[in-house]
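Novice: Here the sequence shown stands for residues 20 to 431, where the numbers follow the numbering used here. Cβ atoms here follow ideal geometry from the backbone N, Cα and C, with glycine treated the same way. Just dropping this structure here.
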Amino acid sequence: MNLIIKNASNIITCTDSISDGVIENGYIIIKDGLIKSIGIGTIPSCLCDGNTNIIDAKGQTVIPGLIDSHTHLIHGGSRENELNMKLTGVPYIDILESGGGILSTVRATRELSKEQLKDKSLKSLNRMLIHGTTTVEAKSGYGLDFDTEIKCLEAAKELKLEHPIDIVSTYMGAHAIPPEYKDNSKGYIDFMCEDVMPYVIENGLGEFLDIFCEKGVFSVDESEYIMQKAKDMGFKLKIHADEIIPLKGAELAAKMGAISAEHLLAVSDEGIKDMAKSGVTAILLPGTSFYLMTGKFAPARKMIENGVRVALATDYNPGTCPTENLQSIMTFACFGMKMTPLEIIKGMTINAAYGIGREKEIGSIEIGKKADLVIFDCPNLNYIVYHFGINHVDKVIKNGEVVVDKGNLIRK
Ligand code: IZC
Ligand code: ZN
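In structure tokens, the structure reads:
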């Protein structure tokens with residue numbers, strides 16, 4: 020079955036160019052799951068045969084499927100108990116150091132079976148899909164021991180086959196030091212490098228490796244050591260950098276040739292220049308900035324002015340950003356970091372695609388790319404960001420198939 024979207028008030032193509040890429044009164048023709056043609060006005064009649072499903076998108080805006088390029092999708096439990104601590108001013112790192120935070124999620128994740136983790140994550144994937152996300156990056160890092168990390172990565176691999184959303188997997192054993200290795204970070208790093216990473220790469224369980232490079236977690240030197248080992252094994256690199264304390268994580272990302280550096284609230288001017296020069300994508304997580312309650316956001320405008328490619332993601336996790344909804348992140352990016360609606364949409368499409376190495380297949384409305392699209396019940400681009408706190412999605416199209424209609428999941 021072929022698919023045509025016609026009469027779209029606006030199509031935001033998000034092509035990798037400086038032009039706005041906005042087509043008014045446009046159409047998109049989809050064949051075999053791919054974008055075949057894009058145009059303005061009336062569809063050439065020869066293209067409408069009996070085997071074509073036609074969607075009239077009058078009054079609506081079409082964008083590429085949203086890409087959530089930074090999530091901690093697979094985990095057990097929740098952390099609403101931390102809310103009161105946060106309100107009384109207990110810092111995030113202090114909660115972690117006292118055995119809470121990430122470590123409380125580690126305990127909850129170790130308790131669940133693979134099937135239970137899959138059931139919980141499936142609900143999150145469904146929430147993502149109805150809000151317009153068609154591709155998601157998913158990190159491990161709440162198991163830390165061998166069996167639980169592998170259980171989480173296997174759960175992600177199975178979900179990828181079972182759910183319309185494409186999942187890109189990242190091994191993030193370097194998320195915290197587990198209690199078994201308390202005061203023995205060297206022992207834990209050796210265990211990751213010698214026991215876990217080779218298994219992950221050999222079994223196709225993780226394409227990327229990520230590290231929480233932060234004071235009290237993994238130092239810059241430890242991060243560099245792990246990144247070098249990972250690179251030698253064939254992982255592509257990501258890093259949680261300069262989130263709370265300015266440690267020069269962005270500089271390290273550039274030095275190591277990482278595909279992305281993430282968070283960057285405390286990035287230095289040097290770090291910004293290095294990222295621009297080395298082509299490291301900045302993945303900013305303004306939902307987390309909001310949730311940390313420090314009032315501080317990453318300097319998105321400065322990064323954009325300096326030529327850094329800026330992507331945006333949820334950071335969906337149970338501690339610092341419990342939301343699967345990228346439309347909420349649009350609000351925080353606009354009002355917290357002063358990004359424009361076009362910068363925001365590109366941050367969740369083409370720039371996010373670069374952040375996960377998928378820019379050739381997804382992230383823009385271009386001939387030959389996958390037909391992953393979102394139709395918002397909004398007359399123009401600005402409206403999507405302006406009217407906040409609700410779900411604007413009318414339809415989601417994944418690989419040329421309608422998977423969400425009138426805001427509801429289509430169950431097969
Ligand atoms: O569970 O607190 N920053 N990792 C690094 C997180 C936040 C997730 C968490
Ligand atoms: Zn994260």
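Would you report the Cα separation of D391 and P83, rounded to the nearest angstrom?
Specialist: 6 Å
Novice: Let me know the secondary structure DSSP gives L271 once reduced to three states.
Specialist: helix
Novice: Is the separation between the beta-carbon of R328 and that of K357 shorter than 8 Å?
Specialist: At the C-beta level, R328 and K357 stay beyond 8 Å of one another.
Novice: Since I49 and L22 are thought to touch, with beta carbons under 8 Å apart, how far apart are those beta carbons, to the nearest angstrom?
Specialist: 4 Å
Novice: Return the CA-CA distance between A269 and S64, expressed in angstroms with no decimal places.
Specialist: 52 Å
Novice: Can you check DSSP and say which residues form a bridge with T359?
Specialist: None; T359 has no bridge partner.
Novice: Given a threshold of 16 other Cβ atoms within 10 Å of its Cβ, counted over all protein chains shown, does S188 qualify as buried or as exposed?
Specialist: buried
Novice: Return the bridge partner residues of I381 from the DSSP annotation.
Specialist: Partner(s): none; I381 has no beta bridge.
Novice: From which residue to which residue does the alpha helix (DSSP H) around L106 run?
Specialist: Following the DSSP letters along the chain, one finds L106 inside the alpha helix (DSSP H) bounded by residues E101 to L106.
Novice: Taking 8 Å as the cut-off, decide whether the C-beta atoms of F165 and D209 are in contact.
Specialist: no
Novice: By the three-class DSSP mapping on this structure, what secondary structure does S287 have?
Specialist: coil
Novice: Using the rule of at least 16 other Cβ atoms within 10 Å of the residue's Cβ for burial, across every protein chain shown, is H406 buried or exposed?
Specialist: exposed
Novice: Please report the straight-line C-alpha distance between N211 and A157, rounded to a whole angstrom.
Specialist: Reading off the sequence, residue 211 comes out as Met, not Asn. Approximately 18 Å between the Cα atoms of the pair.
Novice: Kindly indicate which residue of L361, G426 and D413 has the alpha-carbon position closest to the one of V41.
Specialist: Nearest to V41 by alpha-carbon distance, out of L361, G426 and D413, is L361.
Novice: Three-state secondary structure (DSSP) at G45?
Specialist: G45 falls in the strand class under three-state DSSP.
Novice: Under 8 Å, do G306 and T342 count as touching if we go by C-beta distance?
Specialist: Between G306 and T342, the CB-CB gap stays under 8 Å.
Novice: Let's see if you can read the secondary structure: which residues bound the alpha helix (DSSP H) around Y310?
Specialist: Taken as a continuous stretch (DSSP letters only), the alpha helix (DSSP H) holding Y310 covers P305 to L311.
Novice: By Cβ distance below 8 Å, which residues in the same chain neighbour Y218 in space, the five residues on each side in sequence not counted?
Specialist: Scanning its chain for C-beta atoms nearer than 8 Å, with the 5 sequence neighbours on each side dropped, one finds around Y218 the residues F165, I169 and L224, in chain order.
Novice: Just to confirm, does N336 get its C-beta within under 7 Å of one of the non-hydrogen atoms of the ligand ZN?
Specialist: yes
Novice: Roughly how far, in whole angstroms, is the beta-carbon of T71 from the beta-carbon of R129, given that I think they are within contact range, below 8 Å?
Specialist: In fact, because the Cβ distance is near 50 Å, the residues do not count as touching under 8 Å.
Novice: From this set, K25, L178, G290 and K55, which residue's C-alpha is nearest I384's C-alpha?
Specialist: K55
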